[in-house]
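K.L.:
One structure is given below, represented as structure tokens, and several questions about it will come after.
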Amino acid sequence: MGNVTLEHVTKRYADVTAVDDMNLDIADGEFVTLVGPSGCGKSTTLETMAGLTIPSEGTITIAGEDVTTRPPKDRDIAMVFQNIALFPHMDVHDNMSFGLRLRDFDKAEIDRRVERAAEILQIEALVDRMPDELSGGQRQRVAIGRAIVREPAVFLMDEPLANLDAKLRVHMRTELQRLHKELDTTIIYVTHDQAEAMTMSDRIAVMNEGHLQQIAPPLVCYDQPANLFVAGFIGSPSMNFVEGTVESGEIVTPGFDVAFDPGQVPELAPGDDVTVGVRPEDVYPAEKAGELANPTRPIRARTDVLEPMGDEIFVYLVLRGEDASDSEAATTEAASARGSDELLMSVEPDSDLAGDEDIEVVLDRRKIHVFDTGTGDAVCHDILRSEAMGGGHPGAREET
Ligand code: ADP
């Protein structure tokens, strides 16, 4: 059984708290990814599970046994790291079996395990090769094979694809998913790459500054982010954020207003300072408003920079507000850090929009997220709750 539990795990170094009161409950066979920006405590968390670091406080259990202070060799785990250190003078078979030979496994058992791992990883034809006769992807597969032959209850992987080129990384993502299915074993995976986390995991644990922000299936983190940090971190390009204030029946921002029914969304109280979040794919040119069940009123904007991506075009917009003139106020410098008067919109590649054009856009009101500006916590993910859900829990939505 490969279930892993962290209870109140904290790791302090001299002047840094790398991990702060982390609680995780990972089921046997789950693929859970720890994701967050560099320095947020992902590796330290994984190292406490591996036994490479002893937490300052808290308890770690694997398969129901308290392993908090046990050395790595006495835990039923195997690790795969970013830096693949294969022994250069040993062929693939010997590299994969090295750990088993150290532990005095008999030859027949070693051969059985290496054969099975090579088959799973589709490297049967490479077992007699030396490391310098392998490509980067093949070497990474051997490193994973070295972990597989241990037949551990839990695989711990720290950025194992980070050194591969972009194309191979995408390919290896699918390989790892297939591997997880075949091994049917718990995998706990660390990455700073939110796309990697989104595509492979049963659940992702989003961390920031040593704190767990949210642990949930990828699409729940995407559709119902727990706070501004998760909303901004998950999704590329990231969500637009615009600050505003709640008034009776509408959220008022400098560039637009969003109407809601106060009877349905009582958590939005007049006077509250809120941040409206909307993803670029939920902003539309106003002529598309007819295709949406619940568009906002048209919002006046000026197009700034356009980024054609091939399958879509990102259009940076500067909001003109209700009263602004059509002139200078609309221009801006590169809109990399979007402010409250800027929005990023994703449109189809055949769009004929150009830069420096006055247009109108609408937002899909069903896809608007509202956060408490002070605490950053999500207030609601569905301001049309009653229409979508018949009064259900916040965030869950019908597909439109
Ligand atoms: P991540 O894996 O998310 O990049 P880490 O877990 O490596 O983050 O690091 C979290 C924080 O702890 C960072 O501020 C890092 O500098 C600090 N840290 C990690 N290991 C040590 C160590 N051995 N000694 C001192 N500080 C450390």
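Per full-length UniProt numbering, the sequence shown starts with residue 1, numbered consecutively. Glycine is no exception: its CB is placed at the ideal position from the N, C-alpha and C atoms. All figures in this text were calculated on a predicted structure; none of them were measured in a lab.
Let me check understanding here. Comparing Cα to Cα, which of 96, 113, 154 lies closest to residue 142?
P.N.:
If we check each option's Cα against that of residue 142, 96 comes out closest.
K.L.:
Going by the C-beta, is residue 205 closer than 7 Å to any heavy atom of the ligand ADP?
P.N.:
It does not: the Cβ of residue 205 is nowhere closer than 7 Å to a heavy atom of the ligand ADP.
K.L.:
Sorted by chain position, which residues of the same chain lie with C-beta nearer than 7 Å to residue 100's C-beta, five sequence neighbours on each side aside?
P.N.:
Only 110, 113, 149 meet the Cβ criterion.
K.L.:
Could you check the C-alpha separation between residue 348 and residue 220 for me, to the nearest Å?
P.N.:
Using only the alpha carbons, I get a separation of about 25 Å.
K.L.:
Would you report the Cα separation of residue 335 and residue 255, rounded to the nearest angstrom?
P.N.:
Reliability of the predicted coordinates at residue 335 is poor, the pLDDT of 34 falling under 50, and the value obtained from them is presented with this limitation in mind. Near 16 Å, if we compare the C-alpha coordinates of residue 255 and residue 335.
K.L.:
Hey, which unbroken runs of the alpha helix (DSSP H) at 4 residues or more fall wholly within the region 181–221?
P.N.:
Fully enclosed alpha helix (DSSP H) runs of 4 or longer: 194–200.
K.L.:
By how many angstroms is the C-alpha of residue 56 removed from the C-alpha of residue 14?
P.N.:
When rounded, the distance between both Cα atoms is 11 Å.
K.L.:
Using the C-alpha atoms, what's the distance from residue 26 back to residue 2?
P.N.:
Roughly 8 Å separates the two Cα atoms.
K.L.:
Rounded to the nearest angstrom, what separates residue 156 and residue 6 at their Cα positions?
P.N.:
Straight-line Cα distance between these residues: approximately 14 Å.
K.L.:
Tell me whether residue 126 is buried or exposed, calling it buried when 16 or more other Cβ atoms sit within 10 Å of its Cβ.
P.N.:
It is buried - the Cβ of residue 126 has at least 16 other Cβ atoms within 10 Å.
K.L.:
Which residues mark the beginning and the end of the beta strand (DSSP E) in which residue 67 is found?
P.N.:
Unbroken run through residue 67: none, as it is neither H nor E.
K.L.:
Out of 350, 384, 320, point me to the one whose CA is closest to residue 357's CA.
P.N.:
Taking only the C-alpha atoms, the option nearest residue 357 is 320.
K.L.:
Which runs of the alpha helix (DSSP H) fall wholly inside the region 73–143 and span at least 4 residues, in chain order?
P.N.:
Whole alpha helix (DSSP H) segments, 4+ residues: 92–102, 107–120.
K.L.:
Got a sec: does the ligand ADP put a non-hydrogen atom nearer than 7 Å to the Cβ of residue 41?
P.N.:
Residue 41 Cβ: within cutoff of the ligand ADP.
K.L.:
Sort out for me which residues DSSP pairs residue 306 with in a bridge.
P.N.:
DSSP, once it has assigned bridges, lists 315 as partnering residue 306.
K.L.:
Expressed to the nearest angstrom, what Euclidean distance is found between the alpha-carbon atoms of residue 199 and residue 179?
P.N.:
Using only the alpha carbons, I get a separation of about 14 Å.
K.L.:
How big is the Cα-Cα spacing for residue 92 and residue 130?
P.N.:
Looking at the two C-alpha atoms, the distance is approximately 6 Å.
K.L.:
May I ask you to list the residues that DSSP assigns as paired with residue 259?
P.N.:
Residue 259 is bridged to 250.
K.L.:
Can you tell me where the alpha helix (DSSP H) holding residue 373 begins and where it ends?
P.N.:
Neither: residue 373 is in no alpha helix (DSSP H) and is coded neither H nor E.
K.L.:
Across which residues does DSSP place residue 301 in a beta bridge pair?
P.N.:
According to DSSP, which records beta bridges pairwise, residue 301 is partnered with 319, 359.
K.L.:
Mark residue 102 as exposed unless 16 or more other C-beta atoms lie within 10 angstroms of its C-beta, in which case mark it buried.
P.N.:
Its Cβ having fewer than 16 others within 10 Å, residue 102 is exposed.
K.L.:
Quick one, are the C-beta atoms of residue 195 and residue 203 less than 8 Å apart?
P.N.:
In this structure, residue 203 does not lie closer than 8 Å to residue 195 by Cβ.
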